[in-house]
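Below is one structure, written out as structure tokens; comments come after it.
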Amino acid sequence: MNANMISSTHLREERSLMGQISLFIAKHKNKLLLYLLLSALSIPFLFPFWWMFTSAFKPANDIFAYPLTLLPQTWRLENFAEVFAFQPFARHYFNSLYIAVLVTIGTLIVSSLSGYAFARIRFPGSNLLFLLLLSALMMPTEVTIIPNFTFMQALGLIDTHIPLIILPILGANGVVGTFLMRQYFLGIPIDLEEAGFLDGMTRWGVFWRIALPIARPALVAVTILTFLYSWNSFLEPLVFINNNDLYTLPLSLRSITDEYGQSLWNIQLAATVLTVLPVLLIYAVAQRQVVESFALSGTKG
Amino acid sequence: MHAAQAPRHRRSLARQDAAIGYLFVAPQMIGFFLFVLGPILAVFVFSTQHRDLLTGVVEPAGLANFQTMLQTDRTFPRVLANSLAFTVWLVPLNLCLALLLAFLLTRKLRGMIFFRTLFFAPVITSTVAWVIVWRFLLQGDQGINQFLEGVGIQGPNWLREPNWAMASVIVTRVLKTVGLNMIIFMSALQNIPREYDEAASVDGANGWQIFFRITLPQLAPTILVVMVLTVIGSLQVFDHILLMTNGGPANATSVLIFYIWFQAFRVFDMGYASALAVVLFFIVLTATVIQWVLRQRFIYNER
Amino acid sequence: MKFRKSIFASVFLCFVLLGVVAVSAQDEPINLRYTLWIAADSPQVARFNEIAAAYTAEHPNVTITFESIPFGDYQTDVTLQLSGSNPPDAGWIVEGAARLWVGSGVLTDLGPTLSADDSYNIGDFSESSLSLWSEGDAVYGIPFSTSPFIVLYNRDLFEAAGTPTPDELLATGEWTWESFAAAAKAIADNTEAYGFQSNDAALYTGNFWATLIPIMRGFGGDSWSPDNMCLFNSPGSVAGLQYLHDMIFVDESMVPPGTEVDFYAGNAGMTMGQLSRVNRLAEASFEWSIAPLPTGVNGTQSVIGQAAMVVFNNSQNRDAAIDFVRYMTTQENVARIAQFFPPARESVLNSDALVEANPLIPAELMQSAVIDAIQNGVVLPSSAQFPRIEFLVRPALDEMWVADADIQAITTSICDQINPLLAR
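Residue numbers (the working numbering), protein chains in the order written: chain X, 1 to 301; chain Z, 302 to 604; chain A, 605 to 1028.
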């Protein structure tokens, strides 16, 4: 019996490469199918990014070259220089950045304060007010944009950045922040805060020293969601900003056309890369937090 | 301390606390009244006026705007039909793909994180960037069609033929947003207790049966909520459409939200645009209420 | 003594202060924002900058910035800017929406200032050129461009296709829309290029009027009559649209929707355009020339695109803006930009210098294709309801640019929709 087993082992080792592969496939059939399916599904997700990044390095003619080239034949770095020469792109970048930072800070302040109050503080009408806020949650900006425009016009704030900063903080996106914070504060054990009261802390103290530090994950979520919302927002800048100097990145990208409105593809794609890259890098690094922030907003909000 | 003083002390503490409460919510609520509730009411008022963006003239118009909308405007029914078609196609496509991806990815296998990252990447990319690339890829004789030509297929003029343009907008929109629903489903799947399907497979049920009889019913509340959220999200595609097709060709991709902006800022008729916004408001309100009711029903039932 | 001294001192100080204020008010720097829809790096804008520099030399506290806004967004962006905190001071308006802007109340009446200035000689502008921009006695815009549409063509492609060029056809009196289509087909069949690309390649996505109107009028049709009756479904218009449709779908000589083809890069045999487009051929890699529009059923015809300079009421520097627009449209400066923009001023139009104005165009060609065409040209359509009309016409046309379109039905539907607007 042993001799037979030993000899059959030898036989197995001597089996052809094809044999070994088919054995492997049979064993891991499901897993391979899975990977195959996932890879097929990932093509429409991967290809646009691939195309964006490689075309940004191609000269204008090569983008239209026939046949389609997956990699640039010549790597043209001048596209990126032209992005900055075409219009004040660096200024637009800075605009988007500082506006997003201000909106994020503002939203953090407003939403943590009101989120905490709705979660922990008893005051008459709090339920009604919160219910009202809920109505803002789903309301698309397009419904309110016309009166907001008229309002801003009356205040003389058209063609300034102020509407781009105030409206996101106090509009639908800010309410999502309040929602998230409230949800998180509700989940904190109340004894911690009561201990603070017993120690003689004021309500403010309890909020600032106890509740807020614990709510750091929610703060991170609000930061990520709000920053991305502001960075990517399009309708408000489109309506409120017409001066090229004041453009934010989405407007800037859109305007990389010739005078007839036809895209200048190589420059536009290079600018797109510059816009998308920082976000993708942060995402790659802080992937888990980013995904969790969105998951929170979807399940709770 | 007297016994009588203690409750008074407590009451004034409670009043103090309430005051702080008001203070804390003040910024949010003031902003809400100024920039959300106020404008919603204003939209109703504006819809009863003729308001011209160019000349600045404002006149009362009664229900004239709504009359135009329902009787004279030939584009409005088209716009509503487009919005409906858009939502009706996008939501199932989005949900099915999200479920499929979530299901495939909630396994302890190597490389799942890579795929999850990839599928979620379009969600955080700006719409402008996403649309710019796709507009290039969907040209009549470049991009994807060049590739198709290589394998002998004559691709349609994706963005210039009405039905294909709508399909292109729907598909590119799904690709952009499916990652979000995917991770919501993933976290829901991970919360399903394993005992049920373990017990079922011990009882001899195969994969499909487990999925349909056990997993899916448990996912049902999440699916319902996500569905309504996606419906509401499908109404907010203004930037995607403006940048991809500008509402064309032949108004094939003009949905309500695009039409509002167009009437306000291209035709300069703010009154009419406000009337359209009122319609949008009611649609969103209905969807939101449905979502809220469903959530109360099912989440409480779950508990 | 001390008291009187202090009185003198304070009075003296007052005068000094007043003087300082007066001087500083005069020297307060003004920057005029002037909007237009052509590229900032075009030779036209370069010429404008030269003129602006000359103005600044005479008025040191005034500088002018020219701001480019793409044509498709121009109306919206200018309107939004006007409602903002930093409105433009002056700019261009195109003829299509002229009546809308003139009647809107946002433009400044330039009549009083310009009529009072004898040296300006406002009478030099013909009544017909000003009619679009006037309301009663008020003049809201000064036309700076009265530019006929011409055919620009690629000689090399004609040679390669072995087909007679437009000027050869003109010489034998055979430059008609039929021979136009035949030439386009010859080029499409025998070369890699398309035969015809629309004006600014904008037929499907931008300003389609510039391509459609010359052709529709060439077949006896039009968009609407002078008394505001829709003519889209007239036999002439339908014939013209069918002609174009056949070029796209039967001959396949005209660039179809969704395909990007650049005449100025040498990829099409002919295109339509105005004089200013000639600059794009300054460094062309091919031999080119221009010709007037082909003759149609009503004989020689000419279609003119007009644009005017206006001053916006919301400008914070209105007087300076009015003066600058005055300066840009004096006889001298109109002659300076005549190379790009055929003048509305009769004196410049009739001058001998005009034929030599554009170094790229030989004098006879300038006379026959451009100057002669201005005299009997008809302007592109205009209406106070232009944005709404365009909004209704464009999707209908979208439906037309498919292989088996019922042009009569589509144009009838257009007329049904726009007649109420035209009647307003």
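Just so it is clear, CB atoms sit at the ideal spot from N, CA and C, and this is done for glycine as well.
Neighbourhood of residue i by C-beta, 7 Å cutoff - its chain only, sequence neighbours within 5 removed
i               : result
E603 of chain Z : Residue confidence for E603 of chain Z is low, a pLDDT of 48 falling below 50, so the modelled location carries little weight and cannot support an answer.
K300 of chain X : Bear in mind that the predicted position of K300 of chain X carries a pLDDT of just 49, short of 50, making it too unreliable to give a figure here.
V579 of chain Z : V344, F345 and S348
Span of the beta strand (DSSP E), counted from its first residue to its last, around residue i
i               : result
H161 of chain X : Here H161 of chain X belongs to no beta strand (DSSP E), and DSSP marks it neither H nor E.
L636 of chain A : I634 to L640
I435 of chain Z : Note on identity: in this sequence residue 435 of chain Z is Trp, with Ile being the wrong assignment. Taken as a continuous stretch (DSSP letters only), W435 of chain Z belongs to no beta strand (DSSP E), being part of the alpha helix (DSSP H) at T428 to L438.
T667 of chain A : V666 to S672
Q801 of chain A : Y798 to Q801
T809 of chain A : Element bounds for T809 of chain A: n/a, residue is neither H nor E.
Inter-residue Cα distance where the pair is residue i and residue j
i               : j               : result
W204 of chain X : R316 of chain Z : 15 Å
M302 of chain Z : T202 of chain X : Unreliable placement is indicated for M302 of chain Z, whose pLDDT of 48 sits below 50; the coordinate value is still reported in the next sentence. Distance between the alpha carbons of M302 of chain Z and T202 of chain X: 21 Å.
L246 of chain X : I162 of chain X : 11 Å
M18 of chain X  : F24 of chain X  : 10 Å
F185 of chain X : V285 of chain X : 27 Å
I109 of chain X : L102 of chain X : 11 Å
G115 of chain X : A221 of chain X : 14 Å
L167 of chain X : G196 of chain X : 35 Å
R651 of chain A : N79 of chain X  : 28 Å
L381 of chain Z : I542 of chain Z : 15 Å
M1 of chain X   : H28 of chain X  : Model confidence at M1 of chain X stands at a pLDDT of 47, short of 50, so the residue's coordinates are unreliable; what they give is reported in the following sentence. Each residue's alpha carbon lies about 30 Å from the other.
F582 of chain Z : Q597 of chain Z : 22 Å
F240 of chain X : P457 of chain Z : 37 Å
F421 of chain Z : V538 of chain Z : 18 Å
Q287 of chain X : I634 of chain A : 51 Å
A869 of chain A : T815 of chain A : 19 Å
L640 of chain A : F944 of chain A : 14 Å
L225 of chain X : S906 of chain A : 58 Å
I190 of chain X : I673 of chain A : 58 Å
G187 of chain X : I267 of chain X : 49 Å
Q289 of chain X : S488 of chain Z : 14 Å
A792 of chain A : N61 of chain X  : 22 Å
Residue range of the alpha helix (DSSP H) that includes residue i
i               : result
I655 of chain A : P647 to E662
H28 of chain X  : H28 of chain X -> no alpha helix (DSSP H), and no H or E assigned at all.
R352 of chain Z : R352 of chain Z -> not in any alpha helix (DSSP H); beta strand (DSSP E) instead, spanning Q350 to R352.
M970 of chain A : Neither: M970 of chain A is in no alpha helix (DSSP H) and is coded neither H nor E.
T107 of chain X : F89 to R120
W705 of chain A : A702 to V706
G844 of chain A : P839 to F853
P59 of chain X  : Where P59 of chain X is concerned, there is no enclosing alpha helix (DSSP H), given that its DSSP letter is neither H nor E.
M483 of chain Z : P463 to Q491
Cut-off 6 Å between Cβ atoms - residues of its own chain near residue i, not counting five sequence neighbours on either side
i               : result
F836 of chain A : T1015, I1018 and C1019
N883 of chain A : P647
A911 of chain A : W696, V698 and S749
A939 of chain A : V952
Residues sharing a beta bridge with residue i, DSSP
i               : result
M152 of chain X : Paired residue(s): none; M152 of chain X is not in a bridge.
N758 of chain A : A:W892
P747 of chain A : A:A912
A327 of chain Z : Answer is none; A327 of chain Z lacks a bridge partner.
S263 of chain X : X:T257
S738 of chain A : A:V743
A694 of chain A : A:Y638 and A:V915
The ligand PLP heavy atom lying under 7 Å from the CB of residue i
i               : result
Q910 of chain A : As for the ligand PLP, it is missing from this structure, which has no ligand bound.
Of the residues the options, the one placed nearest residue i, counting alpha carbons only
i               : options                            : result
Q455 of chain Z : Z:Q440, Z:V538, Z:F563 and Z:L324  : Z:Q440
T780 of chain A : A:G745, A:G740, A:G822 and A:D793  : A:G822
A988 of chain A : A:S951, A:V982, A:I965 and A:L1026 : A:L1026
K31 of chain X  : Z:T407, Z:I533 and Z:Q368          : Z:T407
I702 of chain A : A:I852, A:Y638 and A:Y744          : Reading off the sequence shown, one finds Ala at residue 702 of chain A, where the question assumed Ile. Cα-wise, what sits closest to A702 of chain A is A:Y744.
V585 of chain Z : Z:P361, Z:I533, Z:P308 and Z:D570  : Z:I533
N173 of chain X : X:M139, X:G156 and X:D191          : X:M139
I926 of chain A : A:K789, A:I746 and A:V1006         : A:I746
Nonlocal neighbours in the same chain, by C-beta distance under 8 Å from residue i, ignoring five residues either side
i                : result
I1011 of chain A : V842, L845, Q846, H849 and M1004
Interface flag, residue i vs chain D, CB-CB below 8 Å
i               : result
V279 of chain X : Protein chains in the displayed structure are X, Z and A, and chain D is not among them.
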